[in-house]
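This report refers to the structure that appears directly beneath it.
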Amino acid sequence: MSVQTSKSRRAAPVLLMLGAVAYTAWVLEVVLSTGLDPVRTYVSELAAADQPLGGLFRATDLFAGLLVLAGALAALRTLPRRPWVTAGWAALALFGAATAVDSRLPLSCAPTSDPECAARETAGLVPATHTAHAISSSLAMVGALAALVLLTVAARRYGWWPPLGRLAPWLTAAELAATAWTLTSIAAFTEGHGTWALGVGQRLQVLLVALYVGLLAWCVGRAGTTTGREGDTA
């Protein structure tokens with residue numbers, strides 16, 4: 003293996019780990035005064051255009067998306083390819099790209115905490131970025147869920163990354179449950195029935211994605227060239 007290839011392989015886990023850390027920047031709301039209730043509000047409302055710390059959270063989302071995208075592309079380029087794992091890296095790249103785009107399409111206001119904003123959104127009087135943001139957010143979560151499922155199957159099917167093979171099924175199941183909670187809460191809020199702890203469900207959802215990406219990064223980095231030999235014989 004060339005020195006250049008070895009360095010490229012080491013880049014993937016580093017980029018993914020940094021992306022996972024950046025994707026948890028919303029926990030800063032514990033120590034920063036955001037004025038938003040984490041039990042009720044969307045995570046993306048922290049980055050809304052009218053929020054005092056919106057610029058900070060938009061920047062961390064952008065960095066998170068670009069780092070995960072770069073890490074997934076580095077893995078696709080340098081690590082062994084098998085159908086499940088290749089599809090998983092591609093899905094993770096979609097998650098990263100959509101997250102980066104999402105950061106450039108912020109909400110104009112915070113609908114779960116601002117009744118006037120919610121009324122304007124219901125009446126279709128908010129900027130088109132609200133709809134675009136919903137689309138990019140949905141694409142990001144579809145990519146994340148697909149990556150979790152595909153890479154978990156890959157880890158178990160090919161015998162790669164044993165810690166991921168053991169822990170990922172539980173993380174994936176928890177992620178699916180958190181996603182169901184979030185979607186149910188969004189539906190309730192849209193119908194005017196309250197938020198149903200939407201903020202808790204969505205924060206759990208994004209936290210589990212970050213934990214999964216962090217675990218994946220650690221497993222890939224720990225495996226090093228061993229994965230390459232396993233991939234050649236799997």
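With our numbering, the residue at position 65 of the sequence shown is 67, and numbering never jumps. Every residue gets a Cβ at the ideal spot worked out from N, C-alpha and C, and that includes glycine.
Restricting to Cα atoms, I'd like to know which of P164, S105, L200, L78 is closest to T181. L200
Here's a check: name, in chain order, each residue in its chain whose Cβ is nearer than 7 Å to the Cβ of S187, leaving out the five neighbours to either side. T197, W198, A199, L200, G203
With a 10 Å radius around its C-beta and 16 neighbouring C-beta atoms as the bar for buried, classify G194 as buried or exposed. exposed
Do the stretch 142–157 and the stretch 169–181 meet, that is, are 3 or more Cβ pairs less than 8 Å apart? yes
Measuring only the C-alpha atoms, how far is L30 from D39? 13 Å
Please list the terminal residues of the continuous alpha helix (DSSP H) segment that includes R84. Segment: none, R84 is in no alpha helix (DSSP H) and carries neither H nor E.
Where do the N-terminal and C-terminal ends of the alpha helix (DSSP H) with W183 fall, by residue? 164–192
Cβ separation of L173 and Y214, assumed to be a contact under 8 Å, to the nearest whole Å: 5 Å
Coil, strand or helix - P15 by DSSP: helix
Beta-carbon contacts of S105 that lie in its chain and below 6 Å, excluding the five residues immediately before and after: R60, D63, L64
Any 3 or more C-beta pairs closer than 8 Å across the stretch 109–121 and the stretch 40–59: yes
According to DSSP, is C111 part of a helix, a strand, or is it coil? coil
Spatial neighbours of A77 within its chain, please: CB distance less than 6 Å, with the 5 preceding and 5 following residues excluded, ordered by chain position. A14, W91
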